[in-house]
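>
2 protein chains.
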Amino acid sequence: MSKKLTSRKEDYSKWYNELVVKADLAENSAVRGCMVIKPYGYAIWEKIQAELDRMFKETGHQNAYFPLFVPKSLFEAEEKNAEGFAKECAIVTHYRLQSDPDKPGKLRVDPEAKLEEELIVRPTSEAIIWNTYKGWIQSYRDLPILVNQWANVVRWEMRTRLFLRTAEFLWQEGHTAHATKAEAVKEAELMNNVYATFVENFMAIPVVKGVKTDSERFAGAEETYCIEALMQDGKALQAGTSHFLGQNFAKAFDVKFTTKEGSQEYVWATSWGVSTRLMGALIMTHSDDNGLVLPPNLAPNQVVIVPIYKTQEQLQEITNLVNVIMGELRLHNITVKFDNRDTLRPGAKFAQHELQGVPLRIAIGPKDLENGTVELARRDTLTKEVIAIDNLTEKVKGLMTEIQTSLYQKALHYREAHTTEVDDFKTFKKVLEEKGGFISAHWDGTEETEAKIQELTKATIRCIPMDENTQSGDCVYTGKPSARRVLFAKAY
Amino acid sequence: MSKKLTSRKEDYSKWYNELVVKADLAENSAVRGCMVIKPYGYAIWEKIQAELDRMFKETGHQNAYFPLFVPKSLFEAEEKNAEGFAKECAIVTHYRLQSDPDKPGKLRVDPEAKLEEELIVRPTSEAIIWNTYKGWIQSYRDLPILVNQWANVVRWEMRTRLFLRTAEFLWQEGHTAHATKAEAVKEAELMNNVYATFVENFMAIPVVKGVKTDSERFAGAEETYCIEALMQDGKALQAGTSHFLGQNFAKAFDVKFTTKEGSQEYVWATSWGVSTRLMGALIMTHSDDNGLVLPPNLAPNQVVIVPIYKTQEQLQEITNLVNVIMGELRLHNITVKFDNRDTLRPGAKFAQHELQGVPLRIAIGPKDLENGTVELARRDTLTKEVIAIDNLTEKVKGLMTEIQTSLYQKALHYREAHTTEVDDFKTFKKVLEEKGGFISAHWDGTEETEAKIQELTKATIRCIPMDENTQSGDCVYTGKPSARRVLFAKAY
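Protein sequences, first through last, are from chains A and B.
Count along the first sequence starting at 1, add 179, and that's the number in our numbering.
Count along the second sequence starting at 1, add 179, and that's the number in our numbering.
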């Protein structure tokens with residue numbers, strides 16, 4: 180198997196694209212910009228889904244399902260939201276094909292089957308959902324509504340990349356309705372925190388929590404909370420967003436409720452989402468030139484066992500031992516696979532599991548049988564050790580935690596080493612060029628300055644961090660007063 | 180709460196529509212023929228999904244995800260399949276909206292953003308998937324491929340009904356690829372058996388396993404296996420299908436593999452699916468004039484506890500007791516909800532839980548506290564009993580099994596009472612008219628006779644059952660020779 184990857188140093192972007200395909204995570208499809216998520220990639224996504232779903236339910240949310248299509252008249256009701264997504268909409272205009280009279284065996288759109296009103300394939304579901312909530316909400320007793328949906332959405336992006344930016348992607352979108360502004364703001368913050376906890380603890384990716392500037396805010400939101408992560412090439416990646424939508428959608432769809440006191444008020448809203456983009460963050464945070472590196476929490480197989488044998492008798496002996504080992508590991512909720520394929524040599528198996536990021540590989544050969552040992556190989560550090568088989572289960576359990584923690588620490592260390600406080604624009608450009616990463620700098624708060632800096636450097640304000648670092652200063656570009664530092668970076 | 184339903188006798192169809200909406204399962208949306216699945220309905224669907232997903236994985240399948248869109252040129256590649264779905268396709272023709280110059284604040288389709296090739300919103304995914312498999316399959320070593328997808332699909336039906344027939348619906352679709360015909364046939368049969376086991380054991384709905392006639396077969400299949408259930412109005416409902424696709428898609432997409440012996444052969448295929456239609460089957464099999472009746476396996480809350488109290492002190496005492504009860508029940512994996520809302524009276528709560536089909540209701544009042552008792556009310560039988568609290572957990576555990584079994588038995592009894600062997604056409608019409616249900620009759624095997632019977636009676640051949648009843652006879656309509664009885668019924 181010639182699965183050697185381009186190195187990150189050589190061409191980071193090529194490395195990423197090759198890795199996604201060679202590790203069997205996803206591939207491009209026959210539909211422009213749409214991907215096929217392959218079984219191994221989807222198994223990781225299922226782990227992401229399961230844990231997030233658990234966290235959503237623990238915080239009181241329920242799942243539901245709303246239509247894929249949004250009638251144009253609903254789509255355009257909230258003007259800012261409509262404007263924000265209008266340029267990247269897939270639009271259904273007809274509902275029937277017919278035989279093509281000019282081309283036997285071919286079909287064409289039936290010109291008589293034109294829809295009276297065009298349907299937009301949802302790029303996000305605020306419009307269709309708030310039009311539905313109108314029927315669900317009469318009184319304060321009907322609030323809050325805490326609903327989430329797992330769905331596919333379509334945004335007709337011109338430049339696409341597997342997982343990071345695709346015309347169709349999978350995501351969850353929470354849509355909540357509240358009686359008060361304070362409650363809605365609290366919900367938006369809560370869900371941003373849920374995302375941060377998930378991405379840090381489960382995906383081992385450190386994130387900065389913050390809010391977006393006006394220009395980077397979600398179309399139709401009053402405040403966008405976000406979590407930002409730093410990739411190994413020094414570029415930032417927005418890993419999740421949570422929006423306080425104010426009463427914008429309630430007003431657009433006329434959703435009022437009767438308060439306890441009997442008055443009529445518009446409902447307050449939030450929405451929040453993460454997508455298959457998280458797969459891109461996962462890959463680019465941890466992986467190396469040998470392939471994918473998976474934190475144990477997300478690995479479809481946490482441990483793989485490879486037998487080394489020459490005779491069928493040896494294989495049988497190893498298999499007997501492996502059955503005992505697997506039974507024990509599974510008792511401790513460790514997922515383990517015995518790779519006993521007879522079509523591949525051990526070396527090829529090692530290479531494949533390395534490429535696919537299996538956290539821990541156990542090799543067992545005839546000498547191990549004699550000595551009562553096994554060989555352990557850690558994917559993250561690429562280190563090997565031979566241990567006594569008696570300690571195996573405890574050792575593996577310990578390593579699962581250790582690898583998970585170590586990956587997080589490594590990524591955190593990288594981010595810390597690539598977050599630079601900068602106070603003049605010359606240094607800003609130099610740091611951005613030579614080192615990349617987050618630049619913590621003062622900004623005068625205007626869209627003009629933000630746009631100018633982007634024009635000159637391609638860096639955008641990733642977020643205004645929600646941290647304690649709130650000293651005032653002078654804008655790195657204009658020198659005008661700045662209330663606090665913000666985080667700039669080039670971004671995915 | 181005026182939630183009284185129309186009775187089944189009065190108007191079965193109206194009863195169904197009211198029940199779906201009033202029990203908070205689903206509702207119509209602003210998009211013609213598309214439904215909103217509400218949280219309570221979706222929670223039932225999640226239980227269906229979870230169990231099926233487990234069963235698919237146990238039989239060696241993995242999940243993946245393929246694009247929502249099918250380019251027209253791929254869609255039409257397998258001619259029969261294309262022909263079968265051409266008349267009900269939603270078609271994307273454009274990818275951008277723009278401001279409408281004639282209507283300020285409104286949007287219109289940008290005429291310049293026309294797609295070069297139209298995209299069909301998948302009505303089923305054979306085409307896009309086989310086009311993908313072409314890249315995955317070179318040799319016999321790449322086979323079998325055992326993949327399933329959970330997805331939404333769109334079929335532009337003209338007459339829609341919540342869950343039973345909607346323009347968009349949720350489903351799973353398995354798509355497998357095999358080296359031999361025998362293996363593919365075995366897979367198609369296996370998955371039909373998985374469906375039967377699931378629907379019978381988990382949903383408590385008895386089914387007949389069979390194969391479809393030529394005219395009812397899936398477009399593009401060589402054999403369609405199915406499970407057919409009987410609803411309370413005597414109409415049949417197709418609950419799941421599994422197709423042996425032969426080499427049709429392999430030929431249409433030129434998917435060949437190198438055999439062990441070195442020759443090139445086309446790959447053999449199956450596909451199989453069940454959808455949110457199962458929700459319709461669930462509702463119509465078990466529910467009554469008071470509302471939904473849920474088998475414990477599918478109930479989001481298997482048990483609900485309602486406190487009866489006048490004073491806050493009483494409520495506190497009851498709450499303390501309920502906490503202990505819930506802890507115990509949960510230890511036995513029974514899902515239980517304490518309905519302590521102070522905005523509703525107990526009677527209203529009883530009515531709601533009855534309408535929503537909670538299998539078991541526990542009421543606890545001051546007298547129960549004195550006597551060490553609770554009142555149990557079974558939803559399926561509408562019977563009540565007072566029992567000593569000491570026996571509660573065992574009693575509830577027993578009832579969960581008993582209700583599950585009893586619902587199945589009741590439905591089986593209904594089906595048996597509504598399956599009639601008929602040997603002449605006059606009786607055929609009379610039974611169909613007066614009693615409904617399945618009619619087991621001889622058929623001469625021709626499409627003409629099948630069509631004629633349908634024209635005269637609206638009954639179709641639901642399936643050729645896979646049972647032992649294979650005696651020959653004379654066609655109920657033409658009198659011509661018939662190899663075996665088949666099942667006729669009016670159907671959803």
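Built from N, CA and C at the ideal position, the CB exists for glycine as well.
With a cut-off of 8 Å, does the C-beta of B:GLY536 fall near any C-beta of chain A?
Here residue 536 of chain B refers to the residue found at position 357 when the second sequence is read from its first residue. It does not: the Cβ of B:GLY536 has no partner Cβ on chain A nearer than 8 Å.
> Looking at C-beta atoms only, is the number of pairs between the segment 289 to 301 of chain A and the segment 227 to 239 of chain A that lie closer than 8 Å three or more?
No, because fewer than three Cβ pairs between the segment 289 to 301 of chain A and the segment 227 to 239 of chain A fall closer than 8 Å, the two stretches do not touch.
> Express the C-alpha separation of A:THR403 and A:THR420 in angstroms, rounding to a whole number.
Here residue 420 of chain A corresponds to residue number 241 of the first sequence, with the count starting at 1. Here residue 403 of chain A corresponds to residue number 224 of the first sequence, with the count starting at 1. Near 7 Å, if we compare the C-alpha coordinates of A:THR403 and A:THR420.
> Taking its Cβ as the centre, do 16 or more other Cβ atoms sit within 10 Å of A:MET337, making it buried, or is it exposed?
Stepping through the first sequence from its first residue, residue 337 of chain A is reached at position 158. Burial call: exposed.
> Please report the residue range of the alpha helix (DSSP H) in which B:PHE604 lies.
Taking the first residue of the second sequence as 1, we reach residue 604 of chain B at position 425. Run containing B:PHE604: 604 to 613, per the alpha helix (DSSP H) assignment.
> Is the beta carbon of A:ALA670 less than 8 Å from the beta carbon of A:THR636?
To locate residue 670 of chain A, count along the first sequence from 1; it is residue 491. To locate residue 636 of chain A, count along the first sequence from 1; it is residue 457. Not a contact, by the Cβ cut-off of 8 Å.
> List, in chain order, every chain A residue whose beta-carbon is nearer than 8 Å to that of B:ALA398.
The residue labelled residue 398 of chain B in the question sits at position 219 within the second sequence. Going along chain A, no residue has its Cβ under 8 Å from B:ALA398, so there is no contact; the nearest lies around 13 Å.
> I want to verify the contact list: residues of chain A whose CB lies under 8 Å from the CB of B:LYS217, in sequence order.
What you label residue 217 of chain B is simply residue 38 of the second sequence in a count that begins at 1. Neighbours of B:LYS217 on chain A, chain order: ALA243.
> Counting only C-beta atoms, is A:ARG664 closer than 8 Å to chain B at any point?
Locating residue 664 of chain A in the first sequence gives position 485, counting from the first residue. Not closer than 8 Å to any Cβ of chain B, the Cβ of A:ARG664 fails to qualify, so no.
> Looking only at its chain, what residues have a beta carbon closer than 6 Å to the beta carbon of B:THR464, apart from the 5 residues adjacent to it on each side?
Sequence index remark: in the second sequence, residue 464 of chain B carries index 285 (1-based). Cβ neighbours of B:THR464 beyond the five flanking positions: ILE384 and ALA590.
> Step through the CB atoms of chain B and report whether any lies within less than 8 Å of the CB of A:ASN427.
As a first step, residue 427 of chain A must be located in the first sequence, where it is residue number 248. No, no contact with chain B.
> Interface residues of chain A around B:HIS273 at Cβ under 7 Å?
Translated into positions along the second sequence, residue 273 of chain B becomes position 94. Correct list: ILE270 and THR272.
> Just to confirm the assignment, what range does the beta strand (DSSP E) spanning B:ASN331 have?
Start at 1 with the first residue of the second sequence, and residue 331 of chain B comes out as number 152. B:ASN331: member of the beta strand (DSSP E) spanning 324 to 333, first to last residue.
> Taking any Cβ of chain A, which residues in the segment 234 to 264 of chain B have a Cβ under 8 Å from it, in chain order?
Near chain A, meaning a CB-to-CB distance below 8 Å, the residues of the segment 234 to 264 of chain B are GLN241, ASN242, ALA243, TYR244, PHE245, PRO246, LEU247, PHE248, VAL249, PRO250, LYS251, LEU253, PHE254, GLU255, GLU258 and ALA261.
> Between the beta-carbon of B:ALA205 and the beta-carbon of A:ILE307, is there less than 8 Å?
Position 26 of the second sequence, counted from the first residue, corresponds to residue 205 of chain B. Position 128 of the first sequence, counted from the first residue, corresponds to residue 307 of chain A. Contact flag unset, no.
> Helix, strand or coil for A:ARG509, going by three-state DSSP, please let me know.
Here residue 509 of chain A is taken as the residue at index 330 of the first sequence, counted from 1. It is helical.
> DSSP state of A:ASN480, grouped into three classes?
In the first sequence, counting from the first residue as 1, residue 480 of chain A sits at position 301. If DSSP states are grouped into helix, strand and coil, A:ASN480 belongs with coil.
> Within the segment 539 to 614 of chain A, note down every full alpha helix (DSSP H) run reaching 4 residues or more, in order along the chain.
545 to 550, 571 to 596 and 604 to 613
> Taking 8 Å as the threshold (beta carbon to beta carbon), is A:VAL515 in contact with chain B?
Reading the first sequence from its first residue, position 336 is the one you call residue 515 of chain A. It does not; no Cβ of chain B falls within 8 Å.
> Candidates A:GLY544, A:ALA265 and A:LYS217: which alpha carbon is nearest A:GLY399's?
The sequence position of residue 399 of chain A within the first sequence is 220, counting from 1. Nearest C-alpha to A:GLY399: A:ALA265.
> Rounded to the nearest angstrom, what separates A:HIS621 and A:PHE377 at their Cα positions?
The residue you call residue 621 of chain A lines up with position 442 of the first sequence. The residue you call residue 377 of chain A lines up with position 198 of the first sequence. Near 30 Å, if we compare the C-alpha coordinates of A:PHE377 and A:HIS621.
> Using the three-state DSSP reduction, which class does A:LEU500 fall into: helix, strand or coil?
As a position in the first sequence, residue 500 of chain A is number 321, starting the count at 1. Here A:LEU500 sits in helix by DSSP.
> For A:LYS266, would you say it is in contact with chain B, using Cβ-to-Cβ distances shorter than 8 Å as the test?
Numbered from 1 along the first sequence, position 87 holds the residue referred to as residue 266 of chain A. It does; some Cβ of chain B falls within 8 Å.
> Using a cut-off of 7 Å between C-beta atoms, extract the partners of A:LYS285 located in chain B.
Translated into positions along the first sequence, residue 285 of chain A becomes position 106. Those within 7 Å of A:LYS285 in chain B are GLU255.
> Helix, strand or coil for B:GLY470 per DSSP?
Taking the first residue of the second sequence as position 1, residue 470 of chain B is located at position 291. It is a strand residue.
> Look at the alpha carbon of B:ASN476 and the alpha carbon of B:ALA668, and state the distance between them as a whole number of angstroms.
Here residue 476 of chain B refers to the residue found at position 297 of the second sequence. Here residue 668 of chain B refers to the residue found at position 489 of the second sequence. Rounded to the nearest angstrom, the two C-alpha atoms are 29 Å apart.
> List the residues of chain A whose Cβ lies closer than 9 Å to the Cβ of B:GLN531, in chain order.
Translated into the one-based positions of the second sequence, residue 531 of chain B becomes position 352. None at all; the shortest Cβ gap to chain A is about 14 Å.
> Buried or exposed, going by whether 16 or more other CB atoms sit within 10 Å of the CB of B:SER661?
One-based indexing of the second sequence puts residue 661 of chain B at position 482. Classification of B:SER661: buried, given that the 10 Å Cβ count is 16 or more.
> Determine the closest residue to B:PHE517 out of B:LYS489, B:GLU379, B:ILE541 and B:ASN380, with distance taken between C-alpha atoms.
The sequence position of residue 517 of chain B within the second sequence is 338, counting from 1. That would be B:ILE541, whose Cα lies nearest to the Cα of B:PHE517.
> Let me know the secondary structure DSSP gives B:PHE423 once reduced to three states.
For the purposes of this step, residue 423 of chain B is taken as the residue at position 244 of the second sequence. In the structure shown, B:PHE423 sits in a strand (DSSP, three-state: E or B).
> Grouping DSSP H, G and I as helix and E and B as strand, with all else coil, what is A:VAL120?
As shown, chain A starts at 180 and ends at 671. That puts residue 120 of chain A outside it, with no answer to give.
> Would you check if the distance between the CB atom of B:HIS240 and the CB atom of B:GLY353 is smaller than 8 Å?
Start at 1 with the first residue of the second sequence, and residue 240 of chain B comes out as number 61. Start at 1 with the first residue of the second sequence, and residue 353 of chain B comes out as number 174. In contact: B:HIS240 and B:GLY353 (Cβ atoms closer than 8 Å).
> Given this structure, state the Cα-to-Cα distance separating A:MET180 from A:ALA527, to the nearest angstrom.
For this step, residue 180 of chain A is matched to residue 1 along the first sequence. For this step, residue 527 of chain A is matched to residue 348 along the first sequence. Because the pLDDT of A:MET180 is 42, which lies under 50, any placement of that residue in the model is unreliable, and the number read from its coordinates should be weighed accordingly. Roughly 7 Å between the two C-alpha positions.
> Just reading off the beta strand (DSSP E) that A:GLY624 is part of, what are its end residues?
What you label residue 624 of chain A is simply residue 445 of the first sequence in a count that begins at 1. No beta strand (DSSP E) contains A:GLY624, which DSSP labels as neither H nor E.
> So, does the CB of B:ASN310 fall closer than 8 Å to a CB anywhere in chain A?
Taking the first residue of the second sequence as position 1, residue 310 of chain B is located at position 131. Yes - at least one Cβ of chain A is within 8 Å of the one on B:ASN310.
> At least one CB of chain A closer than 8 Å to the CB of B:TYR319: is that the case?
The residue labelled residue 319 of chain B in the question sits at position 140 within the second sequence. No - not a single Cβ of chain A is within 8 Å of the one on B:TYR319.
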